[in-house]
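full-length UniProt numbering numbers the first residue of the sequence shown as 1 and each following residue consecutively.
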Amino acid sequence: MDRCIKCRKKTLMIYACSCRGTFCLRCRMPEDHDCKFDHQAAYQELLKLKNPKVESKKLESI
C-alpha cells in the first residue's frame, strides 16, 4: 500500500501528478497539494509542438 505525500494516508488508489508526487483521491488536484509544476505552460508548449504554424505563398506563380 502506498501513502499520499501530503496527508500520509494509506490508500489503494494512488494518483501520480506531473510534479512527481503520489496523492490520494482527496489531495490529487494540483491546487489541493500546492503543486509547483506549471501545467498551463506545459500544455501551451505541447500545443506549439503539435500545431506548427502553416503559411502559404503570398503570390502564386503562373
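A virtual CB, placed ideally from N, CA and C, is assigned to each residue, including glycine.
These numbers come from a predicted model, not from an experiment.
Relative to D32, the option among P52, V54, L12 and C17 whose CA is nearest is C17. Secondary structure of K50 (DSSP, three-state): helix.
Residue C27 holds the alpha-carbon nearest to the alpha-carbon of K10 among E45, D38 and C27.
By the CB criterion at 9 Å, P52 and H39 fall outside the cutoff. F23 is classed as buried because its beta carbon has at least 16 other beta carbons within 10 Å across all chains shown.
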